[in-house]
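Per the numbering used here, residue -5 is the first one in the sequence shown, and the count goes up by one each step.
To start, the structure itself, in structure tokens.
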Amino acid sequence: MKKYLIIILILAFFLSIGYSFYFRIEPLVDARGYDKTAQNLVSGNGYREKLDAPFFLDHAVARVGPGYQFFLAGIYKIFGRHLWLVWFLQAILHSLSGFLIYKISKKIFQDKEKKEFVGIISAALFLFFIDIWELTAMLLTETLFLFLLILSIYSAVKFFEGQNYKNSIFAGAAFGLAVLTRPTILPMFLIMLGAMMYKKQFKNAALFFIPLVLIVAPWTIRNYKVHNAFILTSAAGGINLWMGNNPEATGESFYTKEMSDYIGQRGFVAAEKKGFNEGVKFILEEPLKFFELLLRKTSIYFSLTRPAAFWFHLKGFGIFLTALLSSGFAFVIFSFGISGALKALKEKKFLLNLLISFAVTAPFIVIPLVVETRYRYQIYPFLIIFSGYFLADIKNNFREKHFRNVFLIVAAVLILNSGFDLLTHFDQFQKYFDKIL
């Protein structure tokens, strides 16, 4: 079976590289922001995106990071700004992520006959899911973040496999680097810390906590000195809370006129503080509207009609093919992944429950804010692992009524929800259909 793993790892690497060199995607929007910030870091201009804009209006502080920006800056500093080199390194990270998915799957499933198969299937689903590998061709945080997220999952599993000081320090460092790239992993860190305490691993819990503090705290202190405000990693949190919870909110990210005007007058750091206040105020004063938005955002999050196909480099048939592959893979990993997680719950095993707890944090940290297709990437590794777990038993157990019904109910709910999302946002989807035609 290992030869199949090597083959799919190599194929995935060349698929990523081939896609990157075929499209040669220039950095736009967020990618351009990360790129400019990295260039300014290298040139000695600091953590800035636009040098011709007033400092308080500089967008760098409001973009997630700074992990990915420093990742790019490190490459530029050593080798110069060569996009092909970033594509190459991100293709390597993508293949390494698939390998770690394989290792995690083998560790958490004890059946000797099936765990190799589970690992291969899970790795393949991750490596060839178009939403994931196409991002290796772009200067976006997801490839690095997914690698660090999966490394964190692996480190957590490895710690509980052999509870020692070395594993706890390694896990803390992995989580710390992931938080510095995207802080949405913080709830996972707290669950891991709680699990260590539950297992009475108090010294190991302290050793797990310290590396994260050492990695994240210097940046938080820097932010306070520069902006005179507490900003853990970036000023995106409060702004996203405001964006997703206001009278004009749709559940997706867009700036209202009030938000744009406020940012234009006061800047991003002030907007984050106001965003927290305005978001909480809206939730307390408009609980029914907030609940309606939560339902809408939950529908968007789990919709299969939200493919990652609407990038600037795609046109016509390219959009159609990408959307088809994206939605098809999304159906597989959501339907089999959720079914696999429900099956795993019945086994009441510690590591399985830990992974399920990690997975649940992904939608819970995003849905109260704003939902875009890119924002659900954090749940993909978990769904993929549990998809492999479910598929390993499907041949022998699909005739079993309960096993079959769980999948059919999950699949039906996903399809109905996706139809609802398509109907309620048809005008929005029509714009993308027009691009295909």
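Cβ coordinates follow ideal geometry from the N, Cα and C atoms, glycine included.
Cβ-Cβ separation between Phe139 and Ser149: approximately 15 Å, too far for a contact (criterion under 8 Å). In the displayed model, Arg42 falls within coil according to three-state DSSP, outside both helix and strand.
For Trp236, the enclosing alpha helix (DSSP H) stretches over residues Ala230 to Gly238. For the pair Ala302 and Leu121, the CB atoms are not nearer than the 8 Å cut-off. By the 16-neighbour rule on beta-carbons within 10 angstroms, Ala406 is exposed. Three or more Cβ pairs closer than 8 Å define a contact, and the segment 371 to 386 meets that threshold against the segment 325 to 336. Distances from the CA of Ile147 to each of Trp81, Leu133 and Ile185 were compared; the closest alpha carbon is that of Ile185. Distances from the CA of Val210 to each of Phe196, Val173, Thr244 and Lys197 were compared; the closest alpha carbon is that of Val173. Note that the C-beta distance between Val263 and Ala229 is below 8 Å.
The residue among Glu341, Thr292, Phe153 and Ala338 with its C-alpha nearest the C-alpha of Leu363 is Thr292. Between the beta-carbon of Asn198 and that of Gln157 there is about 6 Å, and that keeps the pair under the 8 Å contact cut. With contacts defined as CB atoms closer than 8 Å, Val58 and Glu246 fail to qualify as a contacting pair. For Pro357, the enclosing alpha helix (DSSP H) covers residues Phe344 to Val360. With fewer than three CB-CB distances shorter than 8 Å, the segment 5 to 23 does not count as touching the segment 55 to 71. Taking each of Tyr383, Phe64 and Ile257 in turn and checking the Cα distance to Ser37, the smallest one comes out for Phe64. Here Leu308 has Thr316 as same chain residues with Cβ atoms under 7 Å from its own Cβ, once five neighbours each way along the sequence are excluded. The beta carbon of Leu416 lies closer than 7 Å to those of Thr299 and Phe423 in the same chain, with the five residues before and after it left out.
In the pairwise beta carbon analysis, the segment 72 to 86 is classified as touching the segment 117 to 136: at least three pairs are separated by under 8 Å. In this structure, the CA atom of Gly382 is about 36 Å from the CA atom of Arg26. Comparing C-alpha distances from Ile95 to each of Gln84, Ala85, Leu143 and His76 shows the shortest one belongs to Leu143. Ala167: member of the alpha helix (DSSP H) spanning Tyr159 to Thr175, first to last residue.
Around the beta carbon of Pro205, 16 or more other beta carbons sit within 10 angstroms, so the residue counts as buried. Between Phe103 and Lys109, the C-beta gap is smaller than 8 Å, which places the two residues in contact.
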